[in-house]
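S.K.: I'd like to ask you about the structure that follows.
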Amino acid sequence: MGPRILLDTTSVSADRGGLGRYVDGLLSALHGLGADLAVACQRADEERYGLLAPGARIVAGPAALAHRASRLAWEQTGLPYVAQNVGADVIHLPTYTIPVAAGMPTVVTLHDVTLFSEHDAHDPVRATYVRSATRTAARRATRLIAPSQATRDELVRLLHADPGHIDVAYHGVDHEVFHRPSEPEVKQVSDRLGLHGRPYVAYLGALEPRKNVPSLIRGWVRACADRPDPPALVLAGSGGWDDEVDAALASVPLRLKVVRPGYLSRSALPGFFGGALVVALPSRGEGFGLPVLEAMACGAPVLTTRRGPLPEVGGDAVAYTDPEPAGIGAALSELIDDPVRRRSLADAACARSEKFTWAFSAEAHMASYQRAVGRYAAAREGKPAHPTH
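In this text, residue positions in the sequence shown follow UniProt numbering: the first is 1, and each later residue adds one.
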């Protein structure tokens with residue numbers, strides 16, 4: 001029997017987002033491996049996690065956890081109490097915060113370090129706190145999990161984290177949810193977007209500077225302004241901030257169409273990704289690039305950059321561009337004009353996505369939990385820990 005794991009999901013926001021998809025996929029796969037699980041969650045998620053992991057002990061925290069400040073305070077005292085109450089052997093924090101006096105082994109997932117490498121690409125109000133919390137987690141956690149080799153290397157380079165204490169666990173993709181869509185699924189999304197069969201270039205993500213949306217808009221204009229029947233640009237997703245987005249949109253010629261549908265439900269994403277002419281995600285920085293993988297699983301031709309871990313995800317199954325408008329425009333033009341290459345990329349992307357599963361990810365997480373328990377026990381006994389690799 002492995003260690004009893006307390007997974008702290010209280011940081012998952014109501015819109016789920018990338019963190020929510022990570023937690024959902026990991027929790028379900030850990031349950032599938034027969035892991036001994038307990039889950040700390042917000043009250044609104046109690047039923048959801050009970051269905052994802054029927055054998056887990058689900059502990060819903062106070063209603064105040066819906067507010068970030070209250071959650072961060074509760075994490076310092078309430079979470080260690082829950083861990084002791086459920087008999088946990090290790091706590092997994094799936095994002096950058098950590099209780100400083102947990103009283104047991106802790107594993108923290110640090111999804112990316114772009115706050116340190118891309119200073120101008122983040123909300124300055126939030127960035128100071130997150131940088132401080134990330135440094136604390138990197139220094140105090142028993143083990144760290146990085147979602148890619150590139151992120152692991154950046155943790156070592158920028159935060160001077162001990163490479164022997166970092167485990168790489170790639171994200172997975174739910175292939176039942178993210179799949180090649182049927183024609184009705186594509187039509188339903190197209191009609192909802194008001195496109196009714198018109199071709200479109202798709203983007204999904206937050207409007208944050210590191211996502212490079214202004215350059216995507218300007219690159220799309222370069223690629224499409226002179227076309228007799230130009231594809232629309234759909235900017236989907238919720239949250240985030242980028243002052244340059246509105247400026248870029250203001251320069252779009254009137255004959256070109258931009259659609260901003262906001263949040264799209266998970267059930268709509270196969271039709272959205274798989275129905276796109278191209279899925280363009282030209283990010284300047286990522287920790288993994290989950291939307292790239294999800295678009296690949298939906299059989300979409302994907303255009304992204306070679307920044308950070310994106311080549312680890314895309315391999316030879318996606319198209320690449322530099323992150324500047326001119327490069328994006330040229331790459332989009334080539335893909336729009338070459339249906340044979342788009343079909344080839346779509347087939348290759350779908351095949352490559354099969355290598356990324358939450359089951360594989362859960363196995364890597366389990367190994368990290370076991371290393372954390374061993375290292376913590378050795379430290380308490382004053383003995384050198386066993387080699388971790």
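Backbone N, C-alpha and C define an ideal beta-carbon position, used for all residues, glycine too.
(1) Measure the C-alpha to C-alpha separation of ALA69 and LEU33 and round it to an integer number of angstroms.
(2) Which runs of the alpha helix (DSSP H) at least 4 residues long sit entirely within the segment 148 to 197? Give them in chain order.
(3) Tell me VAL90's beta-bridge partners as DSSP assigns them.
(4) Am I right that ALA53 and VAL173 are in contact with their C-beta atoms under 8 Å? What's the rounded C-beta distance?
(5) Rounding to the nearest angstrom, what Cα-Cα distance links PRO301 and PRO105 in this structure?
(6) Count the other CB atoms within 10 Å of the CB of ARG380; is the residue buried (16 or more) or exposed (fewer)?
(7) Going by C-alpha distance, which of GLY308, THR304 and LEU193 is nearest TYR263?
(8) Which residues in the same chain have their Cβ closer than 6 Å to the Cβ of ARG306, if we skip the five residues on either side of it in sequence?
(9) When DSSP labels each residue in this structure, what does LEU33 get in the three-state scheme?
(10) In the DSSP assignment, the alpha helix (DSSP H) including ILE336 goes from what residue to what residue?
(11) Using 8 Å as the threshold, is the segment 134 to 141 in touch with the segment 87 to 104, meaning 3 or more CB pairs across them?
(12) Would the beta-carbon of ARG222 fall within 8 Å of that of ALA331?
(13) Kindly indicate the opening and closing residues of the alpha helix (DSSP H) around LEU52.
(14) Per DSSP, what kind of secondary structure is PRO311 in: helix, strand or coil?
(15) With H, G and I counted as helix, E and B as strand and the rest as coil, what does DSSP make of THR357?
(16) Between which two residues does the beta strand (DSSP E) carrying ALA280 extend?
(17) Which two residues bound the contiguous alpha helix (DSSP H) that contains THR114?
(18) Can you tell me whether ALA378 is buried or exposed? The criterion is at least 16 other CB atoms within 10 Å of its CB, across all chains shown.
M.R.: Answer, in terms of the structure:
(1) Numbered from 1 along the sequence shown, position 69 holds the residue referred to as residue 69. Numbered from 1 along the sequence shown, position 33 holds the residue referred to as residue 33. Distance from the CA of ALA69 to the CA of LEU33, rounded to the nearest whole angstrom, comes to 34 Å.
(2) Within the segment 148 to 197, the complete alpha helix (DSSP H) segments at least 4 residues long are 149 to 159 and 183 to 192, listed from N- to C-terminus.
(3) Taking the first residue of the sequence shown as position 1, residue 90 is located at position 90. According to DSSP, which records beta bridges pairwise, VAL90 is partnered with ILE5.
(4) For this step, residue 53 is matched to residue 53 along the sequence shown. For this step, residue 173 is matched to residue 173 along the sequence shown. ALA53 to VAL173, Cβ: 19 Å. No contact.
(5) Counting from 1 along the sequence shown, the entry for residue 301 is found at position 301. Counting from 1 along the sequence shown, the entry for residue 105 is found at position 105. Whole-angstrom Cα-Cα distance: 42 Å.
(6) Residue 380 sits at position 380 when you count from the first residue of the sequence shown. Classification of ARG380: exposed, given that the 10 Å Cβ count is below 16.
(7) Residue mapping note: residue 263 aligns to position 263 of the sequence shown, counting from 1. Selected option, being the one with the closest Cα: LEU193.
(8) The count along the sequence shown starts at 1 and reaches residue 306 at position 306. Taken in chain order, the residues that qualify are TYR320.
(9) Along the sequence shown, read from residue 1 onward, the residue named residue 33 stands at position 33. In the structure shown, LEU33 sits in coil (DSSP, three-state: anything other than H, G, I, E or B).
(10) Taking the sequence shown and counting its residues from 1, one reaches residue 336 at position 336. From DSSP, the alpha helix (DSSP H) with ILE336 extends over 325 to 336.
(11) yes
(12) Looking up residue 222 in the sequence shown gives position 222. Looking up residue 331 in the sequence shown gives position 331. Their beta carbons are not under 8 Å apart, which means ARG222 does not touch ALA331 by this criterion.
(13) Looking up residue 52 in the sequence shown gives position 52. 46 to 52 is the extent of the alpha helix (DSSP H) around LEU52.
(14) For the purposes of this step, residue 311 is taken as the residue at position 311 of the sequence shown. It is helical.
(15) On the sequence shown, position 357 is the one that residue 357 refers to. Coil.
(16) Counted from its first residue, the sequence shown places residue 280 at position 280. Its beta strand (DSSP E) spans residues 278 to 281.
(17) On the sequence shown, residue 114 is found 114 positions in, with the first residue counted as 1. Run containing THR114: 114 to 117, per the alpha helix (DSSP H) assignment.
(18) For the purposes of this step, residue 378 is taken as the residue at position 378 of the sequence shown. Burial call: exposed.
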